[in-house]
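**Student:**
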Amino acid sequence: MATVLRTPPERPRLAGRTLRRRLGLFSVIAILAASNVVSNRLWPEAYIPWNVGVAVLLVVVARWCGVTWADLGLSRARLRRGLGIGAIALAGVAALYLIGLAIPATREAFDDSRAAGTFGTALFAALVRIPLGTALLEETAFRGVLPALVGGSWWRQTLVSSGLFGLWHVLPSIGMASANAAVASSVGGWGTVATSALAVVATFAAGVLLCVWRRWGGHLVTPILAHVATNSLGVLIAWWVVTH
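Residue 6 is where the sequence shown starts when you use the working numbering, and the numbers rise one by one after that.
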């Protein structure tokens with residue numbers, strides 16, 4: 006008698022899940038690329054609500070692809086630890102910034118004309134624009150959704166998501182050299198290309214570090230707090246340096 010070979014039912018389901026995740030990954034990258042242009046060039050006035058909406062959309066796409074809340078870093082069971090480790094990250098960033106501010110050689114890094122303005126403007130950026138408009142979307146995308154959709158080892162997830170995180174900062178980096186004296190001295194006369202390359206390398210390294218915070222804390226709130234501390238405290242210190 007001829008033997009009938011049957012495909013185990015798990016295989017079609019596994020293939021379907023893999024295909025869905027790949028489609029989800031490409032969709033997320035496309036959404037982020039379009040969003041970067043919209044929030045930085047086409048509609049910067051809607052920066053905060055737009056980015057919050059995109060963060061929610063990315064989570065919806067990831068869940069449609071079968072990604073669990075734990076894979077996204079949003080498990081309630083790890084929230085307390087995530088907050089604790091995030092507080093450590095915040096304190097560490099604050100300590101490093103205060104040391105950098107006290108040393109004349111590194112103080113120039115905070116001399117950024119983009120921070121010029123009223124204290125109210127700087128405070129709004131530190132407490133609202135950065136946490137809701139920047140950190141929430143970027144951590145959801147690059148430390149939550151993308152690593153989960155990339156899959157594989159932790160290093161694979163980290164390198165891919167951090168590489169995309171670096172490319173994400175090409176558009177916002179344009180004009181940075183004219184605003185920050187330390188950046189201008191670093192790139193010399195190479196202009197926009199060198200500034201963008203420096204931004205990609207620096208934010209790639211920052212992305213890897215934020216992935217480490219995410220892994221250590223076990224929750225997305227940890228890199229969010231580290232990100233907010235880095236950017237928000239940086240804005241407030243830059244405002245103080247520029248205006249005093």
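Positions of the beta carbon are idealized from the N, C-alpha and C atoms, including for glycine.
As the structure is a computational prediction, the values presented were derived from the model and not from experiment.
Report yes if the C-beta distance between W142 and N56 is below 7 Å; otherwise report no.
**Tutor:** Counting from 1 along the sequence shown, the entry for residue 142 is found at position 137. Counting from 1 along the sequence shown, the entry for residue 56 is found at position 51. Correcting the residue type first, residue 142 is Leu in the shown sequence and not Trp. Against a cut-off of 7 Å, the Cβ pair of N56 and L142 comes out as a contact.
**Student:** What does the Cβ neighbour count give for V33, buried or exposed, with the cut at 16 atoms within 10 Å?
**Tutor:** The residue you call residue 33 lines up with position 28 of the sequence shown. Label assigned to V33: buried.
**Student:** Please state if the CB of G87 and the CB of T227 are separated by a distance shorter than 7 Å.
**Tutor:** In the sequence shown, the residue the question calls residue 227 occupies position 222. In the sequence shown, the residue the question calls residue 87 occupies position 82. Contact flag set, yes.
**Student:** Pull up the distance between the alpha-carbon of M6 and that of F147, whole angstroms please.
**Tutor:** Here residue 6 corresponds to residue number 1 of the sequence shown, with the count starting at 1. Here residue 147 corresponds to residue number 142 of the sequence shown, with the count starting at 1. Reliability fails at M6, whose pLDDT of 48 lies under 50, so the model's placement of it is uncertain and no value is given.
**Student:** Less than 7 Å between C-beta atoms, sequence neighbours within five positions excluded: which residues of the same chain meet that for T73?
**Tutor:** Here residue 73 refers to the residue found at position 68 of the sequence shown. Cβ within range, chain order: n/a, list empty.
**Student:** If A231 sits next to W218, beta carbons under 8 Å apart, how far is it from one beta carbon to the other, in whole angstroms?
**Tutor:** Here residue 231 is taken as the residue at index 226 of the sequence shown, counted from 1. Here residue 218 is taken as the residue at index 213 of the sequence shown, counted from 1. 5 Å between Cβ atoms; contact.
**Student:** Measure the Cβ-Cβ separation of V240 and A120 and say whether it is below 7 Å.
**Tutor:** As a position in the sequence shown, residue 240 is number 235, starting the count at 1. As a position in the sequence shown, residue 120 is number 115, starting the count at 1. Contact flag set, yes.
**Student:** For L137 versus I53, is the C-beta distance shorter than 7 Å?
**Tutor:** Here residue 137 refers to the residue found at position 132 when the sequence shown is read from its first residue. Here residue 53 refers to the residue found at position 48 when the sequence shown is read from its first residue. Result yes, Cβ atoms of L137 and I53 sit closer than 7 Å.
**Student:** Quick one: is T23 buried, meaning 16 or more other Cβ sit within 10 Å of its Cβ, or exposed?
**Tutor:** Mapped onto the sequence shown, residue 23 falls at position 18. Flag for T23 reads exposed.
**Student:** Give a yes or no on contact between the segment 200-213 and the segment 65-79, applying the rule of three or more CB pairs nearer than 8 Å.
**Tutor:** No contact exists between the segment 200-213 and the segment 65-79.
**Student:** Would you call the CB atoms of G168 and G78 closer than 7 Å?
**Tutor:** Translated into the one-based positions of the sequence shown, residue 168 becomes position 163. Translated into the one-based positions of the sequence shown, residue 78 becomes position 73. It is not a contact, given that the beta carbons lie outside the stated cut-off.
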